[in-house]
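Protein chains in written order, with UniProt numbering: chain H, 1 to 300; chain A, 1 to 300. One structure is given below, encoded as structure tokens.
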């Protein structure tokens with residue numbers, strides 16, 4: 001496995017939106033700028049969902065407008081509907097992310113709509129994006145299990161991923177939202193999707209709720225995926241006190257990939273520093289093992 | 001990978017000896033008995049090293065004498081030398097574990113002896129064990145890196161593993177003591193050792209210092225290893241505050257193995273309960289992700 005992997009850094013969005021602490025817009029801007037300085041090429045910067053739903057990211061426009069656009073770096077933002085798209089475009093967003101669950105029960109609870117209704121809602125957004133030259137990334141959540149309906153049939157994941165790709169998403173990220181999956185299930189799900197959507201258009205998105213994320217990523221890398229979502233400092237939950245629902249930590253992923261001889265273009269030391277800085281800002285333990293322990297390169 | 005894996009539970013020894021908190025002998029006995037009730041077949045019960053070195057396990061004789069011997073379960077104890085062997089035999093120990101590092105620098109600092117001197121010290125112990133019908137397990141530590149000398153050549157790991165096996169160890173456990181390895185390094189090391197020692201006589205022993213343990217175990221399972229050391233509740237360090245030096249958590253390993261369709265014979269729910277009970281006793285956060293989050297089997 002000696003090739004390159006693109007990390008999609010989701011800390012500023014999927015991470016921060018699920019943290020209890022709310023940090024200032026200036027700190028969010030500093031976070032994105034520190035992340036782009038590490039060599040990351042994709043950084044999900046914020047979310048234009050309603051501030052009623054996600055007060056943590058109510059300052060999306062201010063944050064997006066404030067970040068230093070580094071050439072060659074993409075800064076997607078989450079967009080729930082046409083209104084969000086318009087707000088995003090008003091500040092010059094050039095890449096968006098749309099989302100739906102693979103679980104009908106989850107989608108109903110999350111956005112009060114069926115999966116098909118969600119896809120229909122996004123259709124005009126994707127049409128506008130195409131006309132505007134805006135790139136669109138698609139998220140499929142609950143790909144390995146759902147807290148409400150339990151098992152999520154792989155066929156449902158395939159159907160939603162195929163639909164998002166067919167609608168124009170250049171990349172579809174497959175998310176184990178509740179961190180319940182293990183390597184065989186992850187691999188079988190990925191294989192089924194890759195039979196319908198090109199592997200080069202797929203990403204994997206694991207939460208480390210049950211400590212399985214890196215093993216799942218390893219299994220998916222072995223099957224050919226080369227895009228991995230991760231969040232600096234493992235943000236996105238209250239991992240120790242409340243049951244570890246955070247994203248897999250970018251530092252831990254990059255550490256593993258370096259060990260596998262796979263290039264990420266990311267300066268791990270700078271990433272570790274950023275995760276420590278962010279953890280201090282959030283006033284919580286760093287949820288990255290590498291962030292806590294350090295790279296530990298032995299002398300000699 | 002549909003077959004069975006034996007977990008060697010090392011929490012009562014490798015776990016507790018590295019915890020700050022010291023728990024009562026009665027609690028240690030209860031721990032071992034709870035563990036054997038989960039279906040675990042190998043439980044390292046304690047250590048007969050000098051209490052000067054490991055005050056946490058100064059009550060080794062009392063603990064060993066107190067545990068309920070469950071038929072079919074092995075209760076190895078760590079033994080550093082002939083004196084430790086005699087103390088262990090005095091309370092009826094039927095399986096011991098001996099140890100040396102693959103790193104010369106580590107062995108010097110750890111036991112103030114060269115690797116060859118350690119092996120020589122163990123030779124009479126293994127002779128006595130053979131005469132007494134006592135089984136012997138061997139540990140090789142620092143197999144993927146050393147905090148003092150840095151890189152540990154794979155050839156040194158192979159040499160030490162081969163020596164322990166040749167001296168009569170029925171199983172040699174390969175330990176990434178400082179949790180620095182990643183899957184490719186782990187796999188390459190395992191393959192090199194397995195070229196000299198039968199895979200069926202090898203175990204892997206990972207610490208989760210940098211979050212890599214499950215990924216490393218997965219890689220080694222793919223190469224054929226079927227014995228995995230782990231510690232309930234991820235004991236063996238102060239993982240959050242002090243840099244995550246604990247053993248990989250048994251709960252997390254069993255959860256992954258169940259997902260891989262591999263049989264461990266362990267009741268995961270009972271193991272989770274035991275880890276939570278132990279964490280409360282130690283007065284610290286449970287270092288098992290599965291222990292914190294729960295199995296989370298979705299309804300339906």
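Just so you know, even glycine gets a beta-carbon here, dropped at the ideal spot from N, CA and C.
Outcome for residue i when other beta-carbon atoms lying within 10 angstroms are tallied against a minimum of 16
i                      : result
residue 3 of chain H   : exposed
residue 216 of chain A : buried
residue 44 of chain A  : buried
residue 21 of chain A  : exposed
residue 46 of chain H  : buried
residue 283 of chain H : exposed
residue 75 of chain H  : buried
residue 85 of chain H  : buried
residue 118 of chain A : buried
residue 103 of chain A : buried
Contact with chain A by residue i, beta-carbon distance below 8 Å
i                      : result
residue 282 of chain H : no
residue 296 of chain H : yes
residue 139 of chain H : no
residue 273 of chain H : no
residue 244 of chain H : At residue 244 of chain H the pLDDT is 44, less than 50, meaning the model places this residue with poor confidence and gives no usable figure here.
residue 195 of chain H : no
residue 293 of chain H : yes
residue 219 of chain H : yes
CB contact flag (residue i, residue j, <8 Å)
i                      : j                      : result
residue 173 of chain H : residue 138 of chain H : yes
residue 274 of chain A : residue 34 of chain A  : yes
residue 220 of chain H : residue 268 of chain H : no
residue 77 of chain A  : residue 64 of chain A  : yes
residue 107 of chain H : residue 96 of chain H  : no
residue 248 of chain A : residue 203 of chain A : no
residue 81 of chain H  : residue 41 of chain H  : no
residue 200 of chain A : residue 149 of chain A : no
residue 37 of chain A  : residue 270 of chain A : yes
residue 15 of chain A  : residue 235 of chain A : yes
residue 207 of chain H : residue 177 of chain H : yes
residue 253 of chain H : residue 228 of chain H : yes
residue 31 of chain A  : residue 12 of chain A  : yes
residue 302 of chain A : residue 259 of chain H : Because chain A here runs from 1 to 300, residue 302 of chain A falls outside it and cannot be looked at.
residue 73 of chain A  : residue 134 of chain A : no
residue 101 of chain H : residue 50 of chain H  : no
residue 123 of chain H : residue 87 of chain H  : no
residue 233 of chain A : residue 164 of chain A : no
residue 9 of chain A   : residue 280 of chain A : no
residue 157 of chain H : residue 143 of chain H : yes
residue 250 of chain A : residue 7 of chain A   : yes
residue 180 of chain A : residue 296 of chain H : yes
Within-8 Å CB hit, residue i to chain H
i                      : result
residue 261 of chain A : yes
residue 290 of chain A : yes
residue 230 of chain A : no
residue 255 of chain A : yes
residue 59 of chain A  : no
residue 33 of chain A  : no
residue 201 of chain A : no
Backbone CA spacing between residue i and residue j [nearest angstrom]
i                      : j                      : result
residue 246 of chain A : residue 292 of chain H : 13 Å
residue 59 of chain A  : residue 27 of chain H  : 52 Å
residue 90 of chain H  : residue 99 of chain H  : 21 Å
residue 211 of chain A : residue 210 of chain H : 12 Å
residue 151 of chain A : residue 175 of chain A : 14 Å
residue 290 of chain A : residue 5 of chain H   : 28 Å
residue 132 of chain H : residue 168 of chain H : 13 Å
residue 130 of chain H : residue 197 of chain H : 19 Å
residue 70 of chain A  : residue 39 of chain A  : 10 Å
residue 17 of chain A  : residue 205 of chain A : 16 Å
residue 286 of chain H : residue 125 of chain A : 45 Å
Chain D contact residues for residue i, given Cβ-Cβ distances below 8 Å
i                      : result
residue 252 of chain H : Absent from the structure: chain D. Protein chains present are H and A.
Using Cβ-Cβ distances below 8 Å, what residues of the region 153-175 of chain H are close to chain A? Taking 8 Å as the Cβ-Cβ cut-off, the region 153-175 of chain H has no residue approaching chain A.
Counting only Cβ-Cβ distances shorter than 8 Å, please list the residues of the region 203-217 of chain A near chain H, keeping chain order. Along the region 203-217 of chain A, going in chain order, the ones with a CB nearer than 8 Å to a CB of chain H are 208, 209, 210, 211, 212, 214, 215 and 217.
If you measure beta-carbon to beta-carbon, which residues of the region 176-189 of chain H are closer than 8 Å to chain A? Answer set for the region 176-189 of chain H: 178, 179, 180, 181, 182, 183, 184 and 185.
Contact residues within the region 4-19 of chain A, judged by C-beta distance below 8 Å to chain H: So the list is empty, because no residue satisfies the distance condition.
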